[in-house]
Amino acid sequence: MGEIDISPGDFIVDMALDLKLVIGFVIITLAFIYIPVLNETIVRAALGLAMVLFVPGYSLIAVLFPGKKDIDGIERAALSFGLSIAVAPLIGLGLNFTPWGIRLDPIVVCLTIFTIACCLVANKRRHELDEEDRFTVDFARAYEEIKSEAFDDKTPLDRALTIILIISILLSICTLAYVIMVPKQGEKFTEFYILGPEGKADNYPTRYVLGDRRPVIVGVVNHEYRNVTYDLLISLNDSVSVTNLYSERLALGDNQTWEKKIEVKPDHVGTNMKMEFLLYIDGNMTAPYRECHLWVNVTEPLR
0 MGEIDISPGD
10 FIVDMALDLK
20 LVIGFVIITL
30 AFIYIPVLNE
40 TIVRAALGLA
50 MVLFVPGYSL
60 IAVLFPGKKD
70 IDGIERAALS
80 FGLSIAVAPL
90 IGLGLNFTPW
100 GIRLDPIVVC
110 LTIFTIACCL
120 VANKRRHELD
130 EEDRFTVDFA
140 RAYEEIKSEA
150 FDDKTPLDRA
160 LTIILIISIL
170 LSICTLAYVI
180 MVPKQGEKFT
190 EFYILGPEGK
200 ADNYPTRYVL
210 GDRRPVIVGV
220 VNHEYRNVTY
230 DLLISLNDSV
240 SVTNLYSERL
250 ALGDNQTWEK
260 KIEVKPDHVG
270 TNMKMEFLLY
280 IDGNMTAPYR
290 ECHLWVNVTE
300 PLR
C-alpha cells in the first residue's frame, strides 16, 4: 500500500461522490424539515423516511467496508437498510436518558452528526487504501454492475435468493411509504380533564367559603380528525337545584389542545355538592359528550 500525502482541503474535495451525495442529502433534508414553506410539502415525509431508514446505515456501512471487494452492491444496500433500522432506535433510546428527550430536534441533530461523522471517517478509511481498491459508485454503470452482481456467475439458488432479497426490499419501501403517506385513521375521541392549581391531578379545591374563588385547570384535546366546536359548562348540583357557574364555547382543530385556568366561585352553601364539568360537542346540549366532577363543601364565612 503506497503512502498518501493529502492536505485537509484536498481530503474533503477528493471525497467520493456517493459520500458527497449523502452529505448533500442530509442538508436538503434539513431544509425540508425547518424551512417554513418546504416543510409543508409531502417531500418532507419522503426525505425523512430515507433519512431514518437508509442514509445512516449507508454511511456506517461505508465506514465498516471501505473497499470495493469487501461486499457487493446488493449486500451493501441490504445492510444499509438493516443498520439504519438499528441505529435510529438506538439513538432515540440514548436521547430518552438525556434532558432533551425523544423529540424532533434532538433526533435530527443526532442523526445528522452521526451520518456526517461516518462519511468523514469512511472517506479517511478509503484514502488509506490504494485508489483501485477503494469503493466507489459509478452511477453510469450502476445498473449493469447491479445486474452482474445479482445474476451473473450465480447458482440458481443464489439467483433465487437475490431476487427474493430485492423484492423484499422493494416491498418494505413501498409498505413504509404507504403507511406514512396514507396513515390509517385511528379511534375518534376527545380528551377532557381537570387538574389542580399546580397543573397536577392533585390538590383539587374541594373546600370553599362562600364568596371564595378557587382555580381549576380544565383541558380539552381534540382527536376527532376534524374541526370541532365544544361548549364547556361548569355547574353546581346539590341534589335539589343546579346552578351554572361558568360557560364557554371553544373551537379546536384536529389534534389541537386547549387548556385554561378557571376561577370557580360557588354561589350557595352546602355539603357533598357535585361540581360538574360538562363538555358538549357540535352544539348538542341534550347530553354531555364528556364530563368530570368534584365533590365540594361550601360553608358560610366566619363572623
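Sequential numbering of the sequence shown, starting at 0, is according to numbering that gives the first Met the number 0.
The beta carbon of each residue, even a glycine, is placed where N, CA and C say it ideally should be.
If you compare alpha carbons, which of the options is closest to residue i?
i, options, result
"His-222", "Lys-199, Ile-280, Glu-186 and Leu-59", "Glu-186"
"Ser-246", "Thr-270, Ser-238, Leu-78 and Phe-276", "Phe-276"
"Ile-233", "Leu-244, Ile-168 and Arg-225", "Leu-244"
"Asn-226", "Val-241, Leu-249, Gly-210 and Pro-214", "Leu-249"
"Ile-193", "Leu-293, Ser-240 and Ile-162", "Leu-293"
"Leu-29", "Leu-164, Leu-18, Ala-159 and Val-108", "Val-108"
"Met-14", "Val-215, Pro-300, Thr-174 and Arg-125", "Arg-125"
"Ile-22", "Leu-37, Thr-40, Leu-48 and Val-54", "Val-54"
"Thr-135", "Pro-155, Asp-69 and Asp-266", "Asp-69"
"Val-25", "Asn-202, Leu-156 and Cys-117", "Cys-117"
"Ile-165", "Ala-200, Phe-80 and Pro-65", "Phe-80"
"Thr-114", "Asp-17, Leu-63 and Ser-58", "Ser-58"
"Ile-60", "Leu-46, Pro-155, Ala-45 and Ala-76", "Ala-76"
"Glu-74", "Tyr-279, Ile-163 and Ala-49", "Ile-163"
"Thr-298", "Tyr-288, Thr-205 and Glu-131", "Thr-205"
"Leu-278", "Leu-231, Leu-160 and Leu-46", "Leu-231"
"Asp-281", "Asn-38, Asp-157 and Gly-252", "Gly-252"
"Leu-78", "Gly-56, Gly-195 and Asn-202", "Gly-56"
"Gly-273", "Arg-289, Val-295 and Met-284", "A small correction: the amino acid at residue 273 is Lys; Gly does not occupy that position in the sequence shown. Looking at the Cα atoms, Val-295 is the closest of the given residues."
"Gly-195", "Leu-156, Val-263 and Ile-106", "Val-263"
"Asp-237", "Leu-170, Val-268, Asn-202 and Asn-95", "Val-268"
"Pro-287", "Thr-270, Tyr-224, Asp-201 and Phe-191", "Phe-191"
"Glu-130", "Lys-67, Leu-156, Ile-106 and Leu-103", "Lys-67"
Taking 7 angstroms as the limit between beta carbons, can you name the residues of its chain near residue i, skipping five residues before and five after?
i, result
"Glu-197", "none"
"Asn-254", "Asn-221 and His-222"
"Pro-300", "Val-208, Leu-209 and Gly-210"
"Leu-94", "Gly-100, Ile-101, Pro-105, Ile-106 and Cys-109"
"Gly-91", "Ile-101 and Ile-106"
"Leu-46", "Ile-27, Thr-28 and Phe-31"
First and last residue of the beta strand (DSSP E) that includes residue i?
i, result
"Glu-131", "Unbroken run through Glu-131: none, as it is neither H nor E."
"Glu-262", "256-263"
"Tyr-245", "241-251"
"Gly-269", "269-280"
"Val-227", "227-236"
"Trp-294", "289-298"
Below 6 angstroms CB to CB, which residues in the same chain sit around residue i once its five sequence neighbours on both sides are set aside?
i, result
"Ser-6", "With a pLDDT of 49 at Ser-6, under the threshold of 50, the modelled position of this residue cannot be trusted, and the question is left open."
"Phe-188", "His-222"
"Val-42", "Phe-31"
"Gly-1", "For Gly-1, the predicted model reports a pLDDT of 44, less than 50, meaning its position is unreliable; a value from the coordinates is still stated below. The answer is none, since no qualifying residue turns up."
"Thr-242", "Leu-235 and Asp-266"
"Leu-119", "none"
"Asn-122", "Met-14 and Leu-18"
"Val-62", "Cys-117, Val-120 and Ala-121"
"Leu-89", "none"
"Cys-291", "Ile-193 and Phe-276"
"Ala-49", "none"
"Pro-214", "Pro-196, Lys-260 and Glu-262"
"Leu-16", "none"
"Thr-270", "Asn-296"
"Asp-201", "Gly-195"
Starting from residue i, trace the alpha helix (DSSP H) in both directions and tell me its first and last residue.
i, result
"Ala-116", "103-126"
"Phe-188", "Element bounds for Phe-188: not the alpha helix (DSSP H) but the beta strand (DSSP E), 188-194."
"Phe-316", "The chain is shown only over 0 to 302; residue 316 falls outside these bounds and no answer can be derived."
"Leu-63", "54-63"
In its own chain, which residues sit with a C-beta less than 8 angstroms from the C-beta of residue i, not counting the 5 before and 5 after it?
i, result
"Val-51", "Ser-83, Ala-87 and Leu-110"
"Ile-3", "With a pLDDT of 45 at Ile-3, under the threshold of 50, the predicted position of this residue should be treated as unreliable, though the coordinate-derived value follows. Result list for Ile-3: His-126 and Glu-127, in chain order."
"Asp-9", "Note that Asp-9 scores a pLDDT of 48, beneath 50, so its modelled location is shaky and nothing firm can be said."
"Leu-37", "Ala-30, Phe-31 and Arg-43"
Could you tell me whether any Cβ in chain C is nearer than 7 angstroms to the Cβ of residue i?
i, result
"Phe-191", "This model lacks chain C altogether, as it is built from one protein chain only."
Notebook entry, point to check: Can at least three beta-carbon pairs, one atom from the segment 241-259 and one from the segment 217-233, be found at a separation below 8 angstroms?
Noted result: yes
Check: Okay, do the segment 29-36 and the segment 86-101 touch, 3+ Cβ pairs below 8 angstroms being the bar?
Finding: no
Check: Which whole runs of the beta strand (DSSP E) in the segment 67-92 are 3 residues long or more, in chain order?
Finding: none
Checklist line | 3-residue-minimum beta strand (DSSP E) runs that sit fully inside the segment 191-223, ordered along the chain | finding: 206-208 and 213-222
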